[in-house]
């Protein structure tokens, strides 16, 4: 790396803690899943360049299941300005330091500064993507969101890896909510590898407490917008109900998992992203 690129990258790092404001949608993928012996996650749960994250998460018995979620966040205020994020935490994983903890295995953000800071501050495996939010033509109260990953340093994919229709539940009010009254969620993130100036190396594990969230929330409904998987031409088996439904993700850039049809919409959210505890290199 040249002195110029090193200087540019360093100048964009804003150390935690961060205080942010956002609008967010929480998609629930599982509530108490217990994996079968030998069960592992599809490769689409992990960025292709993060071999250490993949190996650590795919070891025998590493994935413990439990509560899983997809989060879609529109940060309106942060130390690096507004940006969007899509992330999946499929459940809990064993780690070398404490009881099984949650882990973000894949995440996209809409700015290079968010990629750099997410990796440097919290060990989050963030990648760059283009986020497109548009009003639905079929439902004036609904929003369509599509996420397009990068295919090069200057180009985004023409097909979305994630596409969802998010609809409010109009007859339910938005109520004050504060997660400090609930058990805290702890992330334990494995080391990450360097593959570009933005995808900086993170040689240590990071432990992050995620309990400081407050705002106003209500339920929302969601459904996929990507076309269903076409059956093979030679197949004589009729398509199942699931295979004929529209999908929320392509199963390549983001895992093709069907969340519950009802999630939590934070119309207003204030959140503190604390300083993560860097743990020893193994």
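Residue numbers (this note's numbering): 807 to 1088.
We put the CB at the ideal spot given by N, CA and C, even for glycine.
- For residue 864, the enclosing alpha helix (DSSP H) covers residues 857 to 864.
- Rounded to whole angstroms, the Cβ separation of residue 913 and residue 891 is 6 angstroms, and the two are in contact under 8 angstroms.
- When the beta-carbon positions are compared, residue 983 and residue 956 stay at least 8 angstroms from each other.
- For the pair of segments examined, the stretch 1061 to 1075 was found to touch the stretch 1014 to 1033: the number of CB pairs separated by less than 8 angstroms reaches three.
- Classified as exposed, residue 977 has fewer than 16 neighbouring CB atoms from the shown chains inside 10 Å of its CB.
- Inclusion of residue 951 and residue 878 in the CB contact set at 8 angstroms is warranted, their separation being smaller than that value.
- With respect to the 8 angstroms criterion, residue 858 and residue 1001 are not classified as neighbours on the basis of their beta carbons.
- Taken in chain order, the complete beta strand (DSSP E) segments of 3 residues or longer contained in the stretch 928 to 1007 are 932 to 941, 949 to 958, 968 to 974, 981 to 984, 992 to 995.
- Annotation for residue 866: no residue places its beta carbon closer than 6 angstroms to its own, counting only its chain and skipping 5 residues before and after.
- The alpha-carbon separation between residue 931 and residue 980 amounts to approximately 32 angstroms.
- The alpha carbon of residue 921 has as its nearest neighbour, out of 888, 843, 1026, 948, the alpha carbon of 888.
- Taking residue 971 as reference, the option from 923, 1057, 942, 903 with the minimal CA-CA separation is 942.
- With distances taken between CA atoms, residue 968 lies nearest to 1063 out of 999, 895, 975, 1063.
- Secondary structure of residue 871 (DSSP, three-state): strand.
- The beta carbon of residue 910 sits closer than 6 angstroms to the beta carbons of 893, 895, 930 from its chain, once the five residues preceding and following it are set aside; these are given in chain order.
- Bridge partners of residue 889 according to DSSP: 881.
- Taking all protein chains in view, the Cβ of residue 837 is surrounded by fewer than 16 other Cβ atoms within 10 Å, so the residue is classified as exposed.
- Bridge partners of residue 1078 according to DSSP: 825.
- Per DSSP, reduced to three states, the secondary structure at residue 910 is coil, with no helix or strand assignment.
- Here residue 833 is actually not in contact with residue 884; their C-beta atoms are around 22 angstroms apart, not less than 8 angstroms.
- For residue 860, the CB contacts under 7 angstroms within the same chain, skipping 5 residues up- and downstream, are 852 in chain order.
- Rounded to whole angstroms, residue 1067 and residue 938 show a C-alpha spacing of 21 angstroms.
- Taking the C-beta atoms as reference points, residue 997 is found no nearer than 8 angstroms to residue 848.
- With a contact defined as Cβ atoms closer than 8 angstroms, residue 965 and residue 882 miss out at about 28 angstroms.
- Pairing residue 872 with residue 1008, the inter-Cα distance amounts to about 26 angstroms.
- Residue pairing by DSSP places residue 876 opposite 833, 894 in a beta bridge.
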